[in-house]
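This is the structure we're talking about:
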């Protein structure tokens, strides 16, 4: 079955530690996105990529980094510079089309907690 | 003024009720409108998709877009306990793919 796989489902980070969240899709989608979701805040865009080896900052990119070396993969690193990383992280993908916007397919999310 | 406004609720209704969920927006360039449903601790799933103005119906769900008022709605008929979730509106300005802009979500609880 096609879809987006995020791993791990739960992740614990110590203060000052970098952690990487995995996102893999087998939908052959061109674009991929990372969102952060906090209670009462909705979805906030961290980074997005419309093509391999290219990505753009979203609204809250500080303290995060990404790479897009393969079409299928878009890992997110939460660095020690991110002062409040505890949140639910969602990865999404979509078809790039000049005709229509088909919306996103989301993964099941990774819940990151600072300990 | 935020680009997309959505009442967070929570909204509690009895089983069988008609539910109305709404979003307002400020950017008149928005053309694509979507509703996502998100169950607790899960990723959102696309529920309804509408281009420009008008209505779209899918089973118990109806999506309405009123571009003149910059207002979109999702109606749920004969609501069920399984409809209990957070509903997020999302919209995008153009044919070329842009990052969707989401509302904050409305939490719905349907009691049996």
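Residue numbers (this note's numbering), protein chains in the order written: chain G, 1 to 115; chain F, 1001 to 1112. Virtual Cβ for every residue (Gly too), placed ideally from N, Cα, C.
Segment limits, beta strand (DSSP E) that includes residue i
i	result
residue 1054 of chain F	1054 to 1058
residue 1034 of chain F	1032 to 1038
residue 1092 of chain F	1085 to 1092
Per DSSP, cross-strand counterpart(s) of residue i
i	result
residue 1017 of chain F	According to DSSP, which records beta bridges pairwise, residue 1017 of chain F is partnered with nothing at all.
residue 1025 of chain F	F/1004
residue 10 of chain G	G/111
residue 25 of chain G	G/4
residue 1048 of chain F	F/1035
residue 90 of chain G	G/35
As assigned by DSSP and simplified to three states, the class of residue i
i	result
residue 30 of chain G	coil
residue 38 of chain G	strand
residue 59 of chain G	coil
residue 1082 of chain F	helix
residue 1068 of chain F	coil
residue 1041 of chain F	coil
Chain G residues whose Cβ lies nearer than 9 Å to that of residue i
i	result
residue 1045 of chain F	105, 106
residue 1104 of chain F	40, 41, 42, 43
residue 1042 of chain F	106, 108, 109
When the options are compared against residue i, the one with the closest alpha-carbon
i	options	result
residue 1086 of chain F	F/1092, F/1037, F/1031, F/1015	F/1037
residue 1035 of chain F	G/79, G/103, G/75	G/103
residue 1065 of chain F	F/1084, F/1033, F/1090	F/1033
residue 1088 of chain F	F/1014, F/1017, F/1040	F/1040
residue 1063 of chain F	F/1091, F/1082, F/1044	F/1091
residue 1052 of chain F	F/1016, F/1061, F/1029	F/1029
Within chain F, partners of residue i - CB distance below 8 Å
i	result
residue 33 of chain G	1099
residue 58 of chain G	1099
Closer than 7 Å at the beta carbon, the chain F residues around residue i
i	result
residue 48 of chain G	1099
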